[in-house]
Structure formats: C-alpha cells, structure tokens
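Visitor: Just dropping this structure here.
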Amino acid sequence: MKIGSFRGRPSKAHLLWSRKAASGSASKRFDDKLFRKWTEHHGFDFDKQMRIDHDRADESRTQFRCVFAWGRRKGKEVEIGDKEVQLGSQKAPKTFIEIDEEGLARVKAGSVEEVYNIMEMRYDGAALLIKTAGGEKKKVDGRKLSRA
C-alpha cells in the first residue's frame, strides 16, 4: 500500500482506496495525514507506531490507530505487609480502529475484535464507511464507539 496524499482520490472523503493498473493489478493508497486530521477533528486519539500484530503478519509493520475510547486494564493486587497494593494498572484502548501499512485493519469494540482487508474507506461525519476485499460493507461509528 502506498502511504501519503495522492491525486486520483475517488472523493475528498476517501482515506483509503484501491487503483487498478493497466495490467489489472490493484494497489491500495492510504492518506495517513487526512486520517490523522479526521481523527483529531472529532476529538479521538491518533497514534502511529511500528509493531507486530500476529493476527495480521509475522513482521513488524507501521500501524495507524484511532482510539475512540480508553479503558483501564486491571493490574495485579499484591499484599505488602498489611497493605494491599495494585500493580501494573494501565490505560488501554477500549474501542479503536488500527490500519497497518498493507491495508489490513483491526477494529475493536468492547469485547469484539475483527480484522478486515480494506479496499476502500471513507468518512461520513464521525463514521468510517468501509468496503472489504470480500465485498462486505462495514460502518464504524466513532460517536457510538466513543461512548462505549
């Protein structure tokens, strides 16, 4: 997938799209800067990092993540003397969409997590409208997920 801003975008709202070459092969394009602007415009958190996600690949890839809501991951409770202490409690994303540099996305909403091969993604207000390689249409509503 090519990352950056490109000509030939199907509409101003497209964040990720596919283009067919004369040879018939398709290449994906992703406008990471527009994705970041969209995320921040709606008050969601954005981050970009290089890491391995074993559900999508065995090698490290750049991940572009929009976090809609944060939760807390419980740590371990340990007794020290007569006091009970909580160790390792940390902030963790509760609902998010994360897109890697190959156009594979992980969407988490509560206890449900799905991985999609995205062929097209555009925004409509605070919602992301997605078409997958399998022809499915998905809607990721940021407003609903931010209240989850």
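The sequence shown begins at 21 in this note's numbering and counts up by one.
Backbone N, C-alpha and C define an ideal beta-carbon position, used for all residues, glycine too.
Predicted model only: the values in this text are computed from it and were never measured.
For Ser-154, tell me which candidate among Glu-133, Ser-80, Lys-128, Ile-138 has the shortest Cα-Cα distance.
Guide: Counting from 1 along the sequence shown, the entry for residue 154 is found at position 134. The sequence shown places Gly at residue 154, not Ser. That would be Ile-138, whose Cα lies nearest to the Cα of Gly-154.
Visitor: Could you give the residue range of the alpha helix (DSSP H) that holds His-61?
Guide: One-based indexing of the sequence shown puts residue 61 at position 41. In the DSSP assignment, His-61 falls within the alpha helix (DSSP H) that extends over 52-61.
Visitor: What first and last residue would you give for the alpha helix (DSSP H) that runs through Lys-40?
Guide: Taking the sequence shown and counting its residues from 1, one reaches residue 40 at position 20. Under the DSSP assignment, Lys-40 falls outside any alpha helix (DSSP H), being part of the beta strand (DSSP E) whose first and last residues are 34-40.
Visitor: Using DSSP bridges, identify the partner residues of Leu-49.
Guide: Indexing the sequence shown from 1 puts residue 49 at position 29. Checking the displayed sequence, the identity of residue 49 turns out to be Arg instead of Leu. The partner list for Arg-49 (beta bridge, DSSP) reads Lys-22, Trp-37.
Visitor: Can the beta-carbon of Thr-175 be found closer than 9 Å to that of Lys-159?
Guide: The structure shown does not extend to residue 175, since the chain spans only 21 to 168, so no value can be given for it.
Visitor: May I have the straight-line CA-CA distance separating Asp-78 from Val-135, to the nearest angstrom?
Guide: On the sequence shown, residue 78 is found 58 positions in, with the first residue counted as 1. On the sequence shown, residue 135 is found 115 positions in, with the first residue counted as 1. Those two C-alpha atoms are separated by around 15 Å.
Visitor: Check the C-beta distance from Trp-90 over to Lys-128 and give it rounded, since I have them as a contact under 8 Å.
Guide: Locating residue 90 in the sequence shown gives position 70, counting from the first residue. Locating residue 128 in the sequence shown gives position 108, counting from the first residue. Between Lys-128 and Trp-90 the Cβ distance is about 12 Å, and since that is not below 8 Å, they are no contact.
Visitor: Which residues mark the beginning and the end of the alpha helix (DSSP H) in which Arg-163 is found?
Guide: Stepping through the sequence shown from its first residue, residue 163 is reached at position 143. 162-166 is the extent of the alpha helix (DSSP H) around Arg-163.
Visitor: List the endpoints of the continuous beta strand (DSSP E) containing Gly-91.
Guide: Locating residue 91 in the sequence shown gives position 71, counting from the first residue. First-last of the beta strand (DSSP E) with Gly-91: 81-93.
Visitor: Closest to Met-70 by CA distance: which of Thr-59, Cys-86, His-61, Asp-120 is it?
Guide: Looking up residue 70 in the sequence shown gives position 50. When each option's Cα is compared against that of Met-70, the closest is Asp-120.
Visitor: Looking at the unbroken beta strand (DSSP E) that takes in Asp-65, where does it start and where does it end?
Guide: Numbered from its first residue, the sequence shown carries residue 65 at position 45. Start and end: 65-71.
Visitor: Quick check: Ile-23 and Asp-52, are their CB atoms within less than 9 Å of each other?
Guide: Locating residue 23 in the sequence shown gives position 3, counting from the first residue. Locating residue 52 in the sequence shown gives position 32, counting from the first residue. Cβ atoms of Ile-23 and Asp-52: closer than 9 Å.
Visitor: Give the list of continuous alpha helix (DSSP H) stretches no shorter than 4 residues that lie fully inside the region 112-163.
Guide: none
Visitor: Work out the CA separation of Gln-110 and Glu-97 for me, nearest whole Å.
Guide: Looking up residue 97 in the sequence shown gives position 77. Looking up residue 110 in the sequence shown gives position 90. For Glu-97 and Gln-110, the distance between alpha carbons rounds to 13 Å.
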